[in-house]
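**Q** Can you read through this structure? Questions will come right after.
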Amino acid sequence: MTEQNQEAENWRGILWAMLSVIGASAMAISVRGASLGLDTRLLVGYRLFFTLILIGILILIVPRLRSKVHFKQPRAHLIRGILMAFSVHLGFYTLSIVPLAAAAILFATAPIFATI
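Using our numbering, the letters of the sequence shown map in sequence onto residues 933 to 1048.
Shown next as structure tokens:
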């Protein structure tokens, strides 16, 4: 890889990291605001519903994605989905009861605990 290509890839990575932070911040603020009037379980359900619609549309529109969607271990995939839903609910619940700054700090420690 040439030096110019490496620099372009670095900037691309920086852009993706910034978009990730903006998206996570927008989600945290939205969940915090929505949790004032809605139960966090309902928020998780809404997130699931809209995500399924978005992914379904993308799979229908992009043929390359359609060919890649298959499950070698459906039971493991189902267990993973249940664990993800549970962890998303715990995160949303945390955002609803803990001050936003404290929740952001707690979420920032996730990579530390993931490596343990």
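Glycine is no exception: its CB is placed at the ideal position from the N, C-alpha and C atoms.
1) How far does the alpha helix (DSSP H) with residue 957 in it reach, from first residue to last?
2) Quick one: is residue 1023 buried, meaning 16 or more other Cβ sit within 10 Å of its Cβ, or exposed?
3) Determine the extent of the alpha helix (DSSP H) in which residue 1021 is found, giving its start and end residues.
4) Assuming residue 1026 contacts residue 1035 (C-beta within less than 8 Å), just tell me the rounded distance between them.
5) If distances are taken between C-alpha atoms only, which option among 990, 1007, 1011, 948 comes closest to residue 999?
6) Which value, in whole angstroms, describes the spacing of the CA atoms of residue 963 and residue 975?
7) For the alpha helix (DSSP H) that residue 1044 lies in, which residues bound it at each end?
8) Check whether the Cβ atoms of residue 960 and residue 1039 sit closer than 9 Å, and answer yes or no.
9) Quick check on DSSP: helix, strand or coil for residue 969?
10) By the three-class DSSP mapping on this structure, what secondary structure does residue 976 have?
11) So, are the CB atoms of residue 1021 and residue 973 less than 9 Å apart?
12) From the DSSP output, in three-state form, read off residue 1003 for me.
**A** For this structure:
1) The residue labelled residue 957 in the question sits at position 25 within the sequence shown. Where residue 957 is concerned, the enclosing alpha helix (DSSP H) stretches over 935 to 966.
2) Taking the first residue of the sequence shown as 1, we reach residue 1023 at position 91. With 16 or more Cβ atoms within 10 Å of its Cβ, residue 1023 is classed as buried.
3) For this step, residue 1021 is matched to residue 89 along the sequence shown. Note, residue 1021: alpha helix (DSSP H), 1006 to 1029.
4) Indexing the sequence shown from 1 puts residue 1026 at position 94. Indexing the sequence shown from 1 puts residue 1035 at position 103. With a Cβ gap of about 5 Å, residue 1026 and residue 1035 count as contacting.
5) Locating residue 999 in the sequence shown gives position 67, where the first residue counts as 1. The option with the nearest alpha carbon to residue 999 is 990.
6) Translated into the one-based positions of the sequence shown, residue 963 becomes position 31. Translated into the one-based positions of the sequence shown, residue 975 becomes position 43. Pairing residue 963 with residue 975, the inter-Cα distance amounts to about 8 Å.
7) The residue given as residue 1044 occupies position 112 in the sequence shown. If you look at residue 1044, you'll find it in the alpha helix (DSSP H) that goes 1042 to 1047.
8) Counted from its first residue, the sequence shown places residue 960 at position 28. Counted from its first residue, the sequence shown places residue 1039 at position 107. Residue 960 is a Cβ neighbour of residue 1039, given a cutoff of 9 Å.
9) Walking along the sequence shown from the start, residue 969 turns up at place 37. Residue 969 falls in the coil class under three-state DSSP.
10) Translated into positions along the sequence shown, residue 976 becomes position 44. The answer is helix: DSSP assigns residue 976 an H, G or I state.
11) For this step, residue 1021 is matched to residue 89 along the sequence shown. For this step, residue 973 is matched to residue 41 along the sequence shown. The answer is yes: Cβ separation under 9 Å.
12) For the purposes of this step, residue 1003 is taken as the residue at position 71 of the sequence shown. Coil, per DSSP.
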